[in-house]
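Counting from 1 along the sequence shown, just add 4 to a position and that's the residue number in the working numbering.
Glycine included, each C-beta is placed from N, C-alpha and C at the ideal position.
Comments concern the structure below.
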Amino acid sequence: MAKRNALGRGLGALMTDADEVQNPAAAIDEVNVNEIEANPWQPRTTFDEEALNELSKSIKEVGIIQPLTLRKIGDKKYQIIAGERRFRASKLAGLSKVPAFIRKSDDKNMLELALVENIQREDLDSIEVALSYQRLLDECNLTQESLSERVGKKRSTISNYLRLLKLPAIIQKAIREHEISMGHARAIINVKDPETQVMLYKQIVNYDFSVRKIEEIVRKLNSDEPKTEKKTPTSKFPQAYETLKNHLSNHFNTNVDFKINNKGKGKIVIPFGSTTDLERIVGILDKLNN
Numbered sequence: 005m006a007k008r009n010a011l012g013r014g015l016g017a018l019m020t021d022a023d024e025v026q027n028p029a030a031a032i033d034e035v036n037v038n039e040i041e042a043n044p045w046q047p048r049t050t051f052d053e054e055a056l057n058e059l060s061k062s063i064k065e066v067g068i069i070q071p072l073t074l075r076k077i078g079d080k081k082y083q084i085i086a087g088e089r090r091f092r093a094s095k096l097a098g099l100s101k102v103p104a105f106i107r108k109s110d111d112k113n114m115l116e117l118a119l120v121e122n123i124q125r126e127d128l129d130s131i132e133v134a135l136s137y138q139r140l141l142d143e144c145n146l147t148q149e150s151l152s153e154r155v156g157k158k159r160s161t162i163s164n165y166l167r168l169l170k171l172p173a174i175i176q177k178a179i180r181e182h183e184i185s186m187g188h189a190r191a192i193i194n195v196k197d198p199e200t201q202v203m204l205y206k207q208i209v210n211y212d213f214s215v216r217k218i219e220e221i222v223r224k225l226n227s228d229e230p231k232t233e234k235k236t237p238t239s240k241f242p243q244a245y246e247t248l249k250n251h252l253s254n255h256f257n258t259n260v261d262f263k264i265n266n267k268g269k270g271k272i273v274i275p276f277g278s279t280t281d282l283e284r285i286v287g288i289l290d291k292l293n294n
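Listed below in structure tokens is the structure:
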């Protein structure tokens, strides 16, 4: 049975609505761990075992600093709204009871609170954050403006995260696995062609390009588009040639150009800015021959 004490709201106030903030009687309960079940709408699907063990050791030493947030779903039965990681670590630490805020919440509100709490975590990757934002918009019927107020982020920040979900799956996976940073991803997404986006991602991985380098390449790619149209006002390159040109420009990290006449004959021009740059390009060609 839940036992009430008078420790006050503490960090749990971060998860409350305005009507509860105005209620001075709210307090922390001590709840038996065997009366608590996981949140079926938990947005986080994986929990790092090593991190859980470290948190468990900390809980053994100093206890739970931030109480869980629960809702009552029956007699001696509670469901986690926020704090499943703390709950799992508490069980590993052998605790029989945990401190918790008990609040009323319907399914929709519970999903919203779980997603908002998940977004506040510092160890989330950018795709997890973006997916949580998207679920809040779609499943909780929030607008970007109300979402901005709810999570305390600028609308532009939320939009930047949501744009990541338009990237090809291989790049989203790379973000989740920390192969590339969100800065890299934000630069890549400014290129419209998915194939070129993937090519840029591979360049980052293969050559350890910085965010600034990728931004520079993207600017060159985007600035070359109108120039190509001016050079060939009566005859545009087929899309396949444009894609190949972008592919080669990314591969050699320079503005590769095509010269093609009406008969389909032509040449590929790979410019270089210095002898060092030339040696770099020759090195890339040598790798292709091996």
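Here V273 is bridged, per DSSP, to D261. When DSSP assignments are scanned along the stretch 91–129, the uninterrupted stretches of beta strand (DSSP E) that are 3 or more residues long and fall wholly within it turn out to be 101–106. Note that the C-beta distance between F91 and L119 is not below 7 Å.
Contact check for Q207 and N254: beta-carbon distance about 6 Å, within the 8 Å limit, so the pair qualifies. A straight-line Cα-Cα distance of about 42 Å links E132 and V273. Put simply, the backbone Cα of L171 is about 27 Å away from that of L117. V35 is bridged by DSSP to V102. Straight-line measurement puts the Cα of Q83 at about 45 Å from the Cα of E199. When only Cα atoms are considered, R159 and N266 end up about 49 Å apart. If you draw a straight line from the Cα of E246 to the Cα of D261, it is about 10 Å long. With 16 or more other Cβ atoms inside 10 Å of its own Cβ, Y205 counts as buried. Under the DSSP definition of a beta bridge, Q83 partners with E41, R75. Per DSSP, the continuous alpha helix (DSSP H) segment holding G187 begins and ends at 186–192. If the five residues before and after L151 are omitted, its C-beta is found closer than 7 Å to the C-beta atoms of Y137, L140, L141, I162, all from its own chain and listed in chain order. Between the C-alpha atoms of A86 and Q124 there is a straight-line separation of about 11 Å.
A distance below 8 Å between beta-carbons, with the five flanking residues on each side excluded, links S60 to the following residues of its chain, in chain order: A93, S94, L96, A97. Counting only the Cα atoms, V37 lies some 18 Å from S62.
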